[in-house]
Amino acid sequence: MADLIKHSRLGFDTETKPAFKRGQTHKVALMQLSTMEVCYLFRLNKIGYPDELDEIICNPDIKKIGLSLRDDFAAIRKRSDKKPQNFIDLQSFVDEYDIDDNGLQRIYAILFGKKISKNQRLSNWEASVLSEAQKNYAAMDAWACLRIYNHLISNGSE
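The numbering of the sequence shown is full-length UniProt numbering, which starts it at 1 and goes up by one.
So, in structure tokens, the structure goes:
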């Protein structure tokens, strides 16, 4: 986690086991924090929610960039009493750049002309071992959020 503290901005995402029955809910199973070079995957269903991770999430000096953060914040509140700080939700942030689509796949395609696979979205994030496809999907989502943000601010004003 020492590497993450050194960065002024991080890509952020979470994954939760999908619920297919009415009233069924699950806690966040995986939290992803990404730099441009590496993405860290934290298996919260295995390790709990360590204080060091909470310190990053609540650190006002580190921007965390994600997408559709309302559900992520609700899930974090189930694990921590502290308030997440300095988050940027790309869904509203891209409005300033006249991007009407606010899904990660669409934003990424508009900016970079490449597609992000969403095939693993509904997979079991509480599995005892995550598949390579799951790990790649999870890492890509957090990394893509950071890449989008960096691209937009480097081609405009923050």
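Just so you know, even glycine gets a beta-carbon here, dropped at the ideal spot from N, CA and C.
Task: Status (buried if at least 16 other CB within 10 Å, exposed otherwise) for S154 - done: Using a 10 angstroms sphere on the CB of S154, the tally of other CB atoms stays under 16, which defines it as exposed.
Open item on the list: Quick check on this structure: which residue in H26, L90, L4 has the alpha carbon closest to the alpha carbon of F105?
Closed with: According to the sequence displayed, residue 105 carries Gln and not Phe. For Q105, the nearest C-alpha among the options comes from L90.
- [ ] State the CB to CB distance for the pair Q32 and A142, rounded to an integer number of angstroms; the pair is presumed to be in contact (CB under 8 angstroms).
- [x] That pair is a contact at about 4 angstroms.
Open item on the list: Please identify the residue among E96, G48, R22, D98 whose C-alpha is closest to the C-alpha of L30.
Closed with: Distance check between L30 and each of E96, G48, R22, D98 places G48 closest, using alpha-carbon atoms only.
- [ ] Given a cut-off of 8 angstroms, decide if A138 and D13 are closer than it, judged by their beta-carbon atoms.
- [x] Yes, Cβ-Cβ distance for D13 and A138 is below 8 angstroms.
Open item on the list: For E15, list the residues DSSP reports as bridge partners.
Closed with: DSSP output for E15 lists L30 as bridge partner(s).
- [ ] Report yes if the C-beta distance between C145 and G66 is below 8 angstroms; otherwise report no.
- [x] Contact: yes.
- [ ] Name the residue from K46, K64, R147, D51 whose alpha carbon lies nearest to the alpha carbon of F112.
- [x] Ranking the options by Cα distance to F112, first place goes to R147.
TODO: Give the DSSP bridge partners of G66, in chain order.
DONE: When DSSP reads this structure, G66 sits in a beta bridge with D89.
Task: Neighbourhood of P84 by C-beta, 7 angstroms cutoff - its chain only, sequence neighbours within 5 removed - done: So the list reads I57, C58, F73, I76, once near-sequence residues are dropped.
- [ ] Taking only the alpha-carbon atoms, compute the straight-line gap between R70 and V129 and give it to the nearest angstrom.
- [x] Looking at the two C-alpha atoms, the distance is approximately 27 angstroms.
- [ ] Just mark I88 as buried or exposed, buried being the case when its beta carbon has 16 or more other beta carbons within 10 Å.
- [x] Buried is the call here.
- [ ] Look up R43 in the DSSP assignment and give the residues it is bridged to.
- [x] Paired residue(s): L30.
- [ ] Leaving aside the five residues before and after M140 along the sequence, list all residues of the same chain whose C-beta is less than 7 angstroms from its C-beta, in chain order.
- [x] For M140, where only same-chain residues beyond five positions count, the Cβ hits under 7 angstroms are I116.
Open item on the list: Relative to the C-alpha of N86, which candidate in D61, S92, I99 has its C-alpha closest?
Closed with: Closest by alpha carbon: D61.
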